[in-house]
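Visitor: Residue numbers (the numbering used here), protein chains in the order written: chain A, 20 to 253; chain B, 20 to 253; chain C, 48 to 262; chain D, 48 to 262.
Built from N, CA and C at the ideal position, the CB exists for glycine as well.
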Amino acid sequence: MVNKVYPDATAALDGLLKDGMTLMSGGFGLCGIPEALIDAVATSGVKDLTVISNNAGVDGIGLGVMLETRQIKKMVSSYVGENQLFAQQFLDGLLTVEFTPQGTLAERIRAGGAGIPAFFTKTGVGTTVAEGKELREFDGAEYVMERGLFADVAIVHAWKGDTEGNLIYRKTARNFNPMMATAAEVTVAEVEHLVEPGELDPDQIMTPGIFVDRIIHFPTASKHIEQRTTRPRQ
Amino acid sequence: MVNKVYPDATAALDGLLKDGMTLMSGGFGLCGIPEALIDAVATSGVKDLTVISNNAGVDGIGLGVMLETRQIKKMVSSYVGENQLFAQQFLDGLLTVEFTPQGTLAERIRAGGAGIPAFFTKTGVGTTVAEGKELREFDGAEYVMERGLFADVAIVHAWKGDTEGNLIYRKTARNFNPMMATAAEVTVAEVEHLVEPGELDPDQIMTPGIFVDRIIHFPTASKHIEQRTTRPRQ
Amino acid sequence: MAWTRDQMAERAARELRDGFYVNLGIGIPTLVSNYIPKGMNVQLQSENGMLGMGPFPYEGEEDADLINAGKQTVTELPTTSFFSSADSFAMIRGGHINLSILGAMQVAENGDLANWMIPGKMVKGMGGAMDLVAGVKRVVVVMEHTAKGKPKLLKKCTLPLTGTKVVDLVITDLGVFEIDKAGSGGMTLVELADGATLEEIAENTEAAYSVASGL
Amino acid sequence: MAWTRDQMAERAARELRDGFYVNLGIGIPTLVSNYIPKGMNVQLQSENGMLGMGPFPYEGEEDADLINAGKQTVTELPTTSFFSSADSFAMIRGGHINLSILGAMQVAENGDLANWMIPGKMVKGMGGAMDLVAGVKRVVVVMEHTAKGKPKLLKKCTLPLTGTKVVDLVITDLGVFEIDKAGSGGMTLVELADGATLEEIAENTEAAYSVASGL
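Laid out in structure tokens, this is it:
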């Protein structure tokens with residue numbers, strides 16, 4: 020019987036990492052990022068990575084770790100403003116970035132996973148984002164053609180998962196994780212709660228197990244908060 | 020305060036129906052079809068409809084009702100084989116049909132709701148489905164361009180809904196309902212269980228209330244079974 | 048002498064591998080689920096929005112909200128998940144299903160497939176067949192070798208196509224044929240059914256094919 | 048004399064209607080939520096995947112899995128739903144959000160908007176801004192009338208654009224301007240802020256604009 024469950028992040032990534040590969044990493048800011056898997060990629064020493072991720076972590080946390088180790092050659096992101104090291108490496112010419120509007124990024128990833136090589140969107144028409152891309156009119160409005168994205172490996176974080184690879188995300192930690200899980204040759208998931216098949220309601224499964232090749236139980240996610248905002252008790 | 024809850028299907032469709040309009044109707048076969056809303060459209064007498072629905076019901080049930088009343092001018096469907104009356108009206112030239120592969124149909128509806136006017140797919144390349152459509156090569160494979168679909172009114176069936184319009188579907192009754200809910204000027208939902216906001220788990224809501232304009236409580240859905248298949252008890 | 052429907056399904060089941068996600072068409076392909084080897088984990092996808100399809104329910108336990116792509120009542124398994132039609136076909140189109148086993152009216156020597164309409168007859172529609180053959184990595188056809196005495200394995204399909212260069216393997220009541228759909232290797236007869244002869248196949252096949260060594 | 052940030056937010060809140068689904072950008076637009084009239088049902092969308100965004104949590108009740116697009120901890124409401132980024136931007140791109148209120152560096156008289164990068168400075172990225180202005184039906188900009196004494200309402204934006212012909216209304220500390228983004232009506236000054244004068248606006252505006260009758 021195929022066993023998708025691995026003892027830890029390093030074991031789960033064994034054999035998957037190659038210099039120059041393309042990696043998708045879930046999360047929005049530090050919310051819902053695959054912490055353990057990112058750390059294991061950093062520890063592995065794999066380099067010249069193209070990383071597709073909405074953000075680039077913050078200094079020392081999340082993808083920020085891989086910036087410290089200079090493993091990233093190129094980022095495909097919508098916003099990297101929280102990271103000083105990123106700014107410095109970018110200005111020093113050590114890494115490049117392909118800025119993609121957040122919704123276009125999400126849709127490109129979904130398209131990649133759904134067998135759609137290209138689609139048209141209004142987003143970015145008339146801006147630098149559309150430069151060099153095909154423009155086209157439909158029903159009197161102008162659209163730009165964007166391409167699907169597909170990675171060698173996707174790493175995602177979920178709240179619950181079963182040994183079959185079925186995943187459920189929690190609140191806004193869902194974000195880019197479900198699409199990325201569909202858009203890579205191999206998808207590795209870390210879950211806060213690992214359960215047996217049958218323990219998840221089949222109507223509530225957000226990522227069916229078909230998309231998940233390897234899974235680890237990671238109950239100790241640190242889940243950093245970037246902007247801790249509160250209101251006074253009344 | 021805007022009130023989305025209507026007393027019955029006829030009230031919920033009041034003012035929305037016009038001859039020659041385009042209607043999306045959820046369901047796969049007779050599973051998850053908006054029974055009450057279909058019956059109310061039939062009773063209304065509106066005619067010359069273009070109906071986008073994966074199937075056309077069976078004789079006397081679901082969209083089959085609207086075939087009896089000859090209200091449908093054109094169907095956009097992937098499979099209509101369960102319906103004798105459909106066959107007869109088609110052969111008599113009383114209605115036309117635009118056959119669309121099931122996955123392309125689902126994706127065209129999703130695209131329409133997601134602001135994507137067109138996308139490329141491998142499905143149908145080299146077949147009659149691709150005739151007259153743009154073909155294009157990406158990374159060595161050939162694809163056909165398909166257009167998004169958007170309707171004047173969508174009618175959908177859900178298991179649970181709240182008065183805000185948030186919907187949850189049950190098992191394979193989900194099918195085309197979630198996409199159709201996003202792809203019309205006005206979406207009307209019938210739900211088996213109508214609850215107050217806060218009673219649905221926000222992580223489990225499949226159609227956010229933003230997509231639902233009107234909703235009715237329909238606890239008495241008859242839910243026909245087309246192929247009752249069973250196995251002997253051992 | 049030739050394979051029965053069940054023998055054809057049994058042969059098709061030998062294409063399954065542990066961990067596979069598989070879509071089975073209606074007819075003989077549905078029978079394949081009876082021959083999944085014990086201990087092998089194979090999950091069946093139903094394109095109306097279900098992965099991990101279980102057997103038919105016991106009488107009285109049918110659920111109208113729980114049907115397969117053939118509109119038959121089915122059951123859940125512990126592994127089951129449900130999803131929308133858009134997500135289901137994203138799964139299919141995106142190449143995530145390992146194997147599709149389906150029936151056919153005609154298969155051409157280059158892998159072209161026709162299985163959805165006969166001109167002049169009422170057209171029922173292609174359902175999800177075009178999506179499946181275009182999207183699934185490996186497509187296995189299970190069909191009778193002939194229809195009313197006429198070959199179904201042809202040089203070129205005469206019926207409207209479901210897909211072009213999509214079929215990898217054809218299992219008929221007379222034998223098994225591999226098709227090099229991506230290359231120029233054409234069609235090769237790789238197995239004979241019990242009691243079938245090379246002559247019988249030659250007489251009933253229009254398509255050009257090689258015969259694997261050892262047959 | 049001119050409007051304060053809160054007065055600008057209060058004015059922007061007058062663009063809300065009962066039943067609206069609204070996306071608020073960071074900065075002054077965030078303050079708009081303080082001025083939603085009592086009894087009016089307005090649901091806030093956060094593009095990272097949430098509809099029905101509640102206020103900041105009480106101290107000690109922050110949830111790292113529950114943040115808004117500004118990465119701030121927020122709370123749920125009874126109306127809340129969560130979804131993926133793809134579904135969130137399908138909602139935005141598909142025109143389902145009634146109103147987007149956001150900040151800007153520059154707005155041109157034809158509705159062009161620049162709010163994401165300054166050449167020569169480190170580029171942080173556009174986040175969801177381009178999707179919002181392209182997809183949301185009605186786009187309201189709230190911004191200071193000038194930056195370091197220089198006009199921000201221009202004949203043509205000099206900074207890289209976020210979107211072309213996307214802005215419907217601009218609320219500054221000096222007044223309110225309508226833009227006929229789809230037609231040829233150009234920009235019209237429709238309200239003066241408390242204490243602002245036509246002369247003050249004329250001196251601080253590069254864009255061509257008409258003045259509504261009655262001002």
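Cβ atoms of Asn185(B) and Ile224(B): under 8 angstroms apart, would you say?
Guide: Against a cut-off of 8 angstroms, the Cβ pair of Asn185(B) and Ile224(B) comes out as a contact.
Visitor: What in chain B is Cβ-close to Asn95(C), meaning under 7 angstroms?
Guide: Residues of chain B passing the Cβ test: Phe47, Thr191, Asn194.
Visitor: Measuring CA to CA, which of Ala240(C), Ala194(C), Ser231(C) is closest to Tyr256(C)?
Guide: Nearest option by C-alpha distance: Ser231(C).
Visitor: Taking Gly132(A) as the reference, which of Ala170(A), Ile71(A), Thr142(A) has the closest Cα?
Guide: Comparing Cα-Cα distances from Gly132(A) to each of Ala170(A), Ile71(A), Thr142(A), the minimum goes to Ala170(A).
Visitor: Taking a contact to mean a Cβ-Cβ separation below 8 angstroms, would you say Ala254(D) touches Ala155(D) in this structure?
Guide: In this structure, Ala155(D) lies closer than 8 angstroms to Ala254(D) by Cβ.
Visitor: Are Gly210(C) and Leu160(C) touching if we call contact CB-CB under 8 angstroms?
Guide: A contact, by the Cβ cut-off of 8 angstroms.
Visitor: Is any beta-carbon of chain D found at less than 8 angstroms from that of Lys92(A)?
Guide: No - not a single Cβ of chain D is within 8 angstroms of the one on Lys92(A).
Visitor: Is there a Cβ from chain C that is less than 8 angstroms from the Cβ of Met198(B)?
Guide: Met198(B) counts as touching chain C.
Visitor: Let's see if you can read the secondary structure: which residues bound the beta strand (DSSP E) around Leu78(C)?
Guide: No beta strand (DSSP E) holds Leu78(C); the alpha helix (DSSP H) holding it covers 75-78.
Visitor: With a threshold of 6 angstroms on Cβ separation, who are the neighbours of Gly135(A) within its own chain once the five nearest residues in sequence on each side are excluded?
Guide: The sequence shown places Ile at residue 135(A), not Gly. Within the same chain, Ile135(A) has close Cβ partners Gly167.
Visitor: Can you determine whether any heavy atom of the ligand NAP sits closer than 7 angstroms to the C-beta of Thr123(A), and answer yes or no?
Guide: With respect to small molecules bound, the structure shown includes none, and the ligand NAP cannot be examined in it.
Visitor: Using a Cβ-Cβ distance cut-off of 8 angstroms, determine whether Tyr68(C) contacts chain A.
Guide: For Tyr68(C), the answer is yes, since a Cβ of chain A falls inside 8 angstroms of its Cβ.
Visitor: Per DSSP, what kind of secondary structure is Asn70(D) in: helix, strand or coil?
Guide: Three-state result, Asn70(D): strand.
Visitor: Taking Met43(B) as the reference, which of Glu87(B), Lys179(B), Ala203(B), Gly228(B) has the closest Cα?
Guide: Here the closest residue by C-alpha is Ala203(B).
Visitor: Look at the Cβ atom of Lys23(A), then the Cβ atom of Val231(A), and state whether they are nearer than 8 angstroms.
Guide: Yes, Cβ-Cβ distance for Lys23(A) and Val231(A) is below 8 angstroms.
Visitor: Using a Cβ-Cβ cutoff of 7 angstroms, what residues of the stretch 206-229 of chain A are near chain C? List them in chain order.
Guide: The residues in question are Pro216, Gly217, Pro221, Asp222, Ile224, Pro227, Gly228, Ile229.
Visitor: From Leu208(C) to Ser131(D), what does the alpha carbon distance come to, in whole angstroms?
Guide: Using only the alpha carbons, I get a separation of about 37 angstroms.
Visitor: Go to Asp111(A), then tell me how far its beta strand (DSSP E) extends in each direction, as first and last residue.
Guide: No beta strand (DSSP E) contains Asp111(A), which DSSP labels as neither H nor E.
Visitor: Is it buried or exposed, Met94(A), if we count other Cβ atoms within 10 angstroms and call 16 or more buried?
Guide: Buried is the call here.
Visitor: Quick check: Glu57(D) and Tyr82(D), are their CB atoms within less than 8 angstroms of each other?
Guide: A contact, by the Cβ cut-off of 8 angstroms.
Visitor: If you draw a straight line from the alpha carbon of Thr127(D) to that of Asp220(B), how long is it in whole angstroms?
Guide: So the two alpha carbons sit approximately 9 angstroms from each other.
Visitor: Please classify Ser260(C) as buried or exposed, where buried requires at least 16 other C-beta atoms within 10 Å of its C-beta.
Guide: Ser260(C) should be labelled exposed.
Visitor: Identify, in the order they occur along the chain, each residue of the same chain with its Cβ nearer than 6 angstroms to the Cβ of Thr115(B), setting aside the five sequence neighbours on each side.
Guide: Taken in chain order, the residues that qualify are Lys93.
Visitor: What in chain A is Cβ-close to Pro135(B), meaning under 7 angstroms?
Guide: For the record, residue 135(B) in the displayed sequence is Ile; it is not Pro. Result: Phe138, Phe139, Thr140.
Visitor: List the residues of chain B that Tyr162(A) touches, going by C-beta distances under 7 angstroms, in chain order.
Guide: Going along chain B in sequence order, the residues near Tyr162(A) (Cβ under 7 angstroms) are Pro136.
Visitor: Please tell me whether Asp268(D) and Arg189(A) are closer than 8 angstroms, where the distance is taken between their beta carbons.
Guide: Any answer about residue 268(D) is impossible in this case: the structure gives chain D only from 48 up to 262.
Visitor: Return the residue from the list Arg185(C), Ala49(C), Asp178(C), Ala229(C) that minimises the CA-CA distance to Arg140(C).
Guide: Comparing Cα-Cα distances from Arg140(C) to each of Arg185(C), Ala49(C), Asp178(C), Ala229(C), the minimum goes to Asp178(C).
Visitor: Let me see if you follow: with CB-CB separation under 8 angstroms, is Ala137(D) close to chain B or not?
Guide: Chain B, which has a Cβ nearer than 8 angstroms to the Cβ of Ala137(D), makes this yes.
Visitor: On the CB-based measure, 16 or more other CB atoms within 10 Å of its CB, does Gln107(A) come out buried or exposed?
Guide: Answer is exposed; the Cβ neighbour count stays below 16.
Visitor: Quick one: what's Met234(D) bridged to in DSSP?
Guide: According to DSSP, which records beta bridges pairwise, Met234(D) is partnered with Ile226(D), Tyr256(D).
Visitor: Is the separation between the beta-carbon of Val237(D) and that of Ile226(D) shorter than 8 angstroms?
Guide: In this structure, Ile226(D) does not lie closer than 8 angstroms to Val237(D) by Cβ.
Visitor: Give a yes or no on whether the minimum CB-CB distance between Thr211(D) and chain B is below 8 angstroms.
Guide: So, not an interface residue.
Visitor: Please classify Phe47(A): does DSSP put it in a helix, a strand, or coil?
Guide: Strand at Phe47(A).
Visitor: Is the CB of Asp227(C) under 8 angstroms away from at least one CB in chain A?
Guide: It does not: the Cβ of Asp227(C) has no partner Cβ on chain A nearer than 8 angstroms.
Visitor: Buried or exposed: which applies to Thr205(C), given that a residue is buried once 16 or more other Cβ atoms fall within 10 Å of its Cβ?
Guide: When all chains shown are included, Thr205(C) counts as exposed.
Visitor: Have a look at Gly117(D) and Gly86(C) and give me their C-alpha separation to the nearest angstrom.
Guide: Between Gly117(D) and Gly86(C), the C-alpha separation is close to 50 angstroms.
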